[in-house]
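Colleague: In the numbering used here, the protein residues as written are 26 to 98.
Please find one structure pasted underneath; my questions will follow.
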């Protein structure tokens with residue numbers, strides 16, 4: 026499927042990069058953590074951060090903002 030409405034954000038220290046897009050009606054994305062070298066799917070990132078704050082607040086806020094922006098587009 027084709028990606029559209031892609032939006033990205035990188036933390037000020039460069040340790041996290043959030044990318045969110047739409048595929049059909051689904052919102053998908055990734056969160057990359059430079060320190061661990063891991064790329065997590067959007068659904069994994071949201072679920073681990075929801076139960077117990079995992080990411081720095083700056084990352085969580087921008088992750089939620091991008092999801093909202095892409096959902097509305």
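Every residue gets a Cβ at the ideal spot worked out from N, C-alpha and C, and that includes glycine.
In this text the structure is predicted, and so the values were computed from the model without any measurement.
Out of curiosity, what's the CA-to-CA distance linking residue 91 and residue 74?
Modeller: As a first step, residue 91 is located in the chain shown; it is residue number 66 there, counting from the start. As a first step, residue 74 is located in the chain shown; it is residue number 49 there, counting from the start. Looking at the two C-alpha atoms, the distance is approximately 15 Å.
Colleague: Measuring CB to CB, does residue 99 end up less than 8 Å from residue 32?
Modeller: Here the chain has residues from 26 to 98 only, and residue 99 is not among them.
Colleague: Residue 37 and residue 84 - do their beta-carbons sit closer together than 8 Å?
Modeller: On the chain shown, residue 84 is found 59 positions in, with the first residue counted as 1. On the chain shown, residue 37 is found 12 positions in, with the first residue counted as 1. No, they are not a contact pair.
Colleague: Below 7 Å CB to CB, which residues in the same chain sit around residue 53 once its five sequence neighbours on both sides are set aside?
Modeller: By one-based count along the chain shown, residue 53 stands at place 28. Correct list, in chain order: 46 and 67.
Colleague: Going by other Cβ atoms of all chains shown within 10 Å of its Cβ, with 16 needed for buried, is residue 64 buried or exposed?
Modeller: In the chain shown, the residue the question calls residue 64 occupies position 39. Exposed: under 16 other Cβ atoms inside 10 Å.
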